[in-house]
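Worksheet for the structure shown next.
There are 2 protein chains.
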Amino acid sequence: MHIEIYDTTLRDGAQGEGVNFSLEDKVLIARRLDAMGFDYVEGGYPLSNPKDAEFFQRLVAEPLKNAKTCAFGMTRRKGIAAADDPGMKALIESQAPVVTIVGKTSEFHVREVLQVSLEENLAMIGDTIAYLVSEGREVIYDAEHFFDGWKLNPEYAAKTIQAAADAGAIRVVMCDTNGGSLPEEVAELTRAAAAAVEVPLGIHTHNDCELAVANALASVDAGATHVQGTINGLGERCGNADLISVVANLALKKKKGYKMLGGGDSQADALEHLTELSGYVYEIANMLRRGAQAFVGPSAFAHKGGMHVHAINRVAESYEHIPPESVGNARRILVSELSGRSNIIAMTTKLNLQEDKALMDAVLKEVVDRENEGYQYEAAEASFALLVRKLARAFTPHFELVKYHVTTESRGGSPLTEATVKLLVHDPEGEDTVEHRVAEGDGPVNALDGALRKALKGRFPQLAEMQLVDYKVRVINSEAATAASVRVVIESRDADGETWGTVGVDENVIQASWQALVDSIEYKLCKEEGAGGGGQG
Amino acid sequence: MHIEIYDTTLRDGAQGEGVNFSLEDKVLIARRLDAMGFDYVEGGYPLSNPKDAEFFQRLVAEPLKNAKTCAFGMTRRKGIAAADDPGMKALIESQAPVVTIVGKTSEFHVREVLQVSLEENLAMIGDTIAYLVSEGREVIYDAEHFFDGWKLNPEYAAKTIQAAADAGAIRVVMCDTNGGSLPEEVAELTRAAAAAVEVPLGIHTHNDCELAVANALASVDAGATHVQGTINGLGERCGNADLISVVANLALKKKKGYKMLGGGDSQADALEHLTELSGYVYEIANMLRRGAQAFVGPSAFAHKGGMHVHAINRVAESYEHIPPESVGNARRILVSELSGRSNIIAMTTKLNLQEDKALMDAVLKEVVDRENEGYQYEAAEASFALLVRKLARAFTPHFELVKYHVTTESRGGSPLTEATVKLLVHDPEGEDTVEHRVAEGDGPVNALDGALRKALKGRFPQLAEMQLVDYKVRVINSEAATAASVRVVIESRDADGETWGTVGVDENVIQASWQALVDSIEYKLCKEEGAGGGGQG
Chain X
0 MHIEIYDTTL
10 RDGAQGEGVN
20 FSLEDKVLIA
30 RRLDAMGFDY
40 VEGGYPLSNP
50 KDAEFFQRLV
60 AEPLKNAKTC
70 AFGMTRRKGI
80 AAADDPGMKA
90 LIESQAPVVT
100 IVGKTSEFHV
110 REVLQVSLEE
120 NLAMIGDTIA
130 YLVSEGREVI
140 YDAEHFFDGW
150 KLNPEYAAKT
160 IQAAADAGAI
170 RVVMCDTNGG
180 SLPEEVAELT
190 RAAAAAVEVP
200 LGIHTHNDCE
210 LAVANALASV
220 DAGATHVQGT
230 INGLGERCGN
240 ADLISVVANL
250 ALKKKKGYKM
260 LGGGDSQADA
270 LEHLTELSGY
280 VYEIANMLRR
290 GAQAFVGPSA
300 FAHKGGMHVH
310 AINRVAESYE
320 HIPPESVGNA
330 RRILVSELSG
340 RSNIIAMTTK
350 LNLQEDKALM
360 DAVLKEVVDR
370 ENEGYQYEAA
380 EASFALLVRK
390 LARAFTPHFE
400 LVKYHVTTES
410 RGGSPLTEAT
420 VKLLVHDPEG
430 EDTVEHRVAE
440 GDGPVNALDG
450 ALRKALKGRF
460 PQLAEMQLVD
470 YKVRVINSEA
480 ATAASVRVVI
490 ESRDADGETW
500 GTVGVDENVI
510 QASWQALVDS
520 IEYKLCKEEG
530 AGGGGQG
Chain D
0 MHIEIYDTTL
10 RDGAQGEGVN
20 FSLEDKVLIA
30 RRLDAMGFDY
40 VEGGYPLSNP
50 KDAEFFQRLV
60 AEPLKNAKTC
70 AFGMTRRKGI
80 AAADDPGMKA
90 LIESQAPVVT
100 IVGKTSEFHV
110 REVLQVSLEE
120 NLAMIGDTIA
130 YLVSEGREVI
140 YDAEHFFDGW
150 KLNPEYAAKT
160 IQAAADAGAI
170 RVVMCDTNGG
180 SLPEEVAELT
190 RAAAAAVEVP
200 LGIHTHNDCE
210 LAVANALASV
220 DAGATHVQGT
230 INGLGERCGN
240 ADLISVVANL
250 ALKKKKGYKM
260 LGGGDSQADA
270 LEHLTELSGY
280 VYEIANMLRR
290 GAQAFVGPSA
300 FAHKGGMHVH
310 AINRVAESYE
320 HIPPESVGNA
330 RRILVSELSG
340 RSNIIAMTTK
350 LNLQEDKALM
360 DAVLKEVVDR
370 ENEGYQYEAA
380 EASFALLVRK
390 LARAFTPHFE
400 LVKYHVTTES
410 RGGSPLTEAT
420 VKLLVHDPEG
430 EDTVEHRVAE
440 GDGPVNALDG
450 ALRKALKGRF
460 PQLAEMQLVD
470 YKVRVINSEA
480 ATAASVRVVI
490 ESRDADGETW
500 GTVGVDENVI
510 QASWQALVDS
520 IEYKLCKEEG
530 AGGGGQG
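So the sequences go chain by chain: X and D. The first sequence lines up with residues 0 to 536 when you count with numbering that gives the first Met the number 0. The second sequence lines up with residues 0 to 536 when you count with numbering that gives the first Met the number 0.
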């Protein structure tokens, strides 16, 4: 059974709090979804803002290869002909081959929100779809508040979807607009809808009860063959059904032979790119990844509990419901006070340090102490690697701080920032040298980084190969606000694409950043000596 | 039907990546859960680390009022008597009235992980429970990998829970340890377990398929009367079932008369504190709240789409599945390019500015422009209120920057930070004055805040009433790392408890922080003049 996957990340997903896509963002995401075999990509609401209208022009100039582009709109306004409605004009002008029209299913919404007669609403649905079909468009009908409306007045709800089907809609999509329905209700009313119309049914769910994915699966098991949702579950309020979880569950967990995203090898290939897709959309949307996200989160296959890690080392599948690789994710072993000796052994083995009980004890104690100060090594494996090497007396610093000095001044306009760094740079073969350099920067950390690199590049030219790719600041005991300790995590990337995280903690964000900068550079230099390891690439 | 709620935030929740509870944290959370009517609070694994052992001593000294304290442990080691097992000793020494024992259900895990005979595993379950019962403890049995184990070998799985029941366990809890089960499987095997043992059944689910809540609900509908989970769904990998969603769904959505958390008024009261509980646990765990979290997230009842907001203003329930107040949450109207005129009107009405079309257009355009620069007003309503007042020409600055200067220096030890601020302070009644002050601080923003307050306190003593309570930094275009733009959001709180958010964006974190600091203070001063509004209290 083929299940159509309809993505509305660019329209319903963009309604999510904190989600803002530029025109370029939207085009990039649409092409990525097209390449992965999605059946439909909804690009936006042409009438709502110029950006969405322009998006469709971009896709006319360079169409998607396989996915059908959908433009979203509402049923015509009351009391006018569809042809005279500005919304219809915008939809036609978008030149999108598929138009998705949302209409009212619920008697309550027809009366209270739309404020038209029940008959006029049926006419608005029928006229709108018939007009768009006459203009050569394929029309998908989104039945807003389908479940709430059906529970309130089943006869009228059935009439609304019958009006859509009679007017030529190719799909009738049952929307749980408020996200308040339960799986058993969704299954029952999916069967009821199937009895009311011949047209293939779709399901569109929201996560207000934390049941969006369960509701989508329940509807498919009850006969729906089209699923609408968003990547990473982006969307208004609690978000839409996360298509990543929907697809992974339908393909990997359900034993009913559902096929999607092209099926066969193309489906398997798409599944192996789900983690990449998730990260890509977060990056483009400029949002942080959600660690605990099902299937694709950085923590989804991360093992922390000592007992579990111990088992993992013996039997991989013993604490994993699927192989991480099947969705493009990877297993991670975390470092924490809870994880006990077996994690430390796993990490230190990774660092090619032979098992050494005294060292294990020292590392474990140090990690616990530092975690209590606010350090976290779970996203800073490079700092952890250096910590282990220090405790193993297998580390010699390549340079030492004499002093740094950072100033930022503004006279109303944009500020000037300058940093000076004075270092003692070691040279095992020759003389230690003192380097004292100054740099300007866009901000204090950028200026410090600049001065630090100037001071080191003569002795360590390979530092030119690495760059900082992310910089995060987190207040630890936020009660004290700007006087609180802060944790800085810096992510660096090498020429070969390896990335590593380092951490610094201090009351002073400059000092915490300095610690993370120094760890990042020392890690790179150790790595060159073939003794780094523990990267996160 | 009474459903028991069993919280394991302090044990299974603490296995989550990035979750670290101090001893004090654990005691605070346990007492809060106790006050809300939770039936069981699992405190930890006494054998695993001293912190957990100490936790139980704290609760012996001052016991919980209603909830039963549970200590977690494993079945005895192979080949020894339960009485000789160090784990048993630690559990007895914890003096917890209830002991939760996890044991193996799956033939695969018995052979591959535990590496004992199937018979020895049954003996380990029976001996352990019988011993703890003989020591006067109530024993809850967690059947690890129950669903996977039953699917593999139903006869053996049944024997393991029968061994637990025969030995005197008061509950048999079916654990979906790997989080890989589907609701229909959970329902079916719950009925199978009910046929195999007389003991009341519990359900313990994980969110690896984004189905933890659906699985818990399916099990309860099939006969389970005890639910284990964590607050906010904290837990290893993708987390445990979020008890907040479980409780809200059972109490508010299911029409089956489930009673929990004391039932009646006590249940309704607990529900109205769910949002507070969620925020409290995040704060203590030092984690950011998840905006889209079902029921209790800051975005759960936030409306952004123009059409929706328009409807909300007419019919509140039209786009809400429950009243936000029923779970202690609140409706929010967001500001965004997508939301159109109706949102802006809603906000400006809130600011007591009469509807003014030209102003609406100006605000809408300015918001769109600034959102493109990286500003976000969704968490910074105070900055938005000031923006609207500026565009309405209803704002006169109380002071102007002449210059600021911030320096941070380290000579290896902890750094020194100093800020100087020179302001022109306005006085409508009298002369403008120039204030030039200096302050030291734990960091640059703290020092700037100190100097700014020194410069203003003479003219505006009321500033002593407000404090900064949170400070967040977010890199916007993180590709450019330390040279990227950063968004700073500062949350401030007034003496009366009102809190407000302000935002600043710049390539320089100092300048972005300065913008947010100035907005925070100007908002407070406007508020004093009875013209602020738009706070987030």
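Here a beta-carbon is modelled for each residue, glycine too, at the ideal position from N, C-alpha and C. In this text the structure is predicted, and so the values were computed from the model without any measurement.
Buried versus exposed, by CB contacts within 10 Å (16 or more), residue i
i, result
"E428 of chain D", "exposed"
"G536 of chain X", "Interpretation of G536 of chain X is limited by its pLDDT of 32, a score under 50 that renders its predicted location unreliable; no figure is taken from the coordinates."
"K526 of chain D", "buried"
"I79 of chain D", "exposed"
"T406 of chain D", "buried"
"P322 of chain X", "exposed"
"R410 of chain X", "exposed"
"G263 of chain X", "exposed"
"H1 of chain X", "exposed"
"E324 of chain X", "exposed"
"D83 of chain D", "exposed"
"S277 of chain D", "buried"
"Q56 of chain X", "exposed"
"G496 of chain X", "exposed"
"P414 of chain D", "buried"
"D33 of chain X", "buried"
Residues near residue i by beta carbon distance below 7 Å, same chain, minus five either side
i, result
"A479 of chain X", "For A479 of chain X, the predicted structure reports a pLDDT of 41, less than 50, and the residue's modelled location is therefore unreliable. The matter cannot be settled from this model."
"L423 of chain D", "F398, E399, V401, D431 and V433"
"E417 of chain D", "T406, V437, E439 and A446"
"L117 of chain X", "E106, V109 and Y155"
"E53 of chain D", "L22"
Rounded straight-line distance, which links the Cα of residue j to that of residue i
i, j, result
"D207 of chain D", "E434 of chain D", "58 Å"
"H144 of chain X", "I202 of chain X", "12 Å"
"K356 of chain D", "E380 of chain D", "21 Å"
"Q14 of chain X", "Q375 of chain D", "14 Å"
"I243 of chain D", "G373 of chain D", "33 Å"
"G238 of chain X", "Y257 of chain D", "27 Å"
"A301 of chain X", "A195 of chain X", "47 Å"
"D51 of chain D", "A89 of chain D", "10 Å"
"G17 of chain X", "G234 of chain X", "10 Å"
"R30 of chain X", "Q227 of chain X", "18 Å"
"L337 of chain D", "E41 of chain D", "Annotation note: pLDDT 44 at L337 of chain D (below 50); position unreliable, coordinate value reported separately. Taking the straight line from one Cα to the other gives about 45 Å."
"P182 of chain D", "I4 of chain D", "19 Å"
"R492 of chain X", "S382 of chain X", "14 Å"
"A211 of chain X", "L151 of chain D", "29 Å"
"V468 of chain X", "R331 of chain X", "21 Å"
Neighbourhood of residue i by C-beta, 6 Å cutoff - its chain only, sequence neighbours within 5 removed
i, result
"A162 of chain X", "L121, I124 and G125"
Residue i Cβ short of 7 Å to the ligand GDP heavy atom set
i, result
"A217 of chain D", "In the structure shown, the ligand GDP is absent, as is every other ligand, since no ligand is present at all."
Own chain residues within Cβ distance below 8 Å of residue i, not counting five before or after
i, result
"H537 of chain X", "Here chain X covers residues 0 to 536 and nothing more, so residue 537 of chain X does not appear."
* Asked: Does the pairing of the region 266-274 of chain D with the region 182-190 of chain X give three or more beta-carbon distances under 8 Å?
  -> no
* In chain order, which alpha helix (DSSP H) runs of at least 4 residues are fully inside the region 350-421 of chain D? -> Within the region 350-421 of chain D, the complete alpha helix (DSSP H) segments of 4 residues or longer fall at 356-372 and 380-390, listed in chain order.
* With a cut-off of 8 Å, do at least 3 Cβ pairs link the region 142-159 of chain X to the region 82-99 of chain X? -> no
* Asked: Would you call the region 355-364 of chain D and the region 374-392 of chain D in contact, with 3 or more CB pairs under 8 Å?
  -> By the Cβ criterion, the region 355-364 of chain D is in contact with the region 374-392 of chain D, since at least three pairs of Cβ atoms, one from each stretch, lie closer than 8 Å.
* Ordered list of alpha helix (DSSP H) runs contained in the region 75-150 of chain X, each at least 4 residues -> Runs found: 85-92 and 117-133.
* Enumerate, from N- to C-terminal direction, the unbroken beta strand (DSSP E) stretches of 3 or more residues contained entirely within the region 196-253 of chain D. => 200-203 and 225-228
* **Cβ contact check for the region 14-28 of chain D and the region 66-80 of chain D: 3 or more pairs under 8 Å** => no
* Asked: Should the region 171-182 of chain D be regarded as contacting the region 127-137 of chain D, the criterion being three or more beta carbon pairs within less than 8 Å?
  -> no
* **Validate contact between the region 502-511 of chain X and the region 484-491 of chain X using beta carbons, cut 8 Å, 3 pairs** => Contact holds: three or more Cβ-Cβ distances are below 8 Å.
* **Segments of 3+ residues assigned as beta strand (DSSP E) that fall wholly inside the region 424-491 of chain X** => Secondary structure remark: continuous beta strand (DSSP E) runs of at least 3 residues inside the region 424-491 of chain X, in chain order: 432-440 and 466-474.
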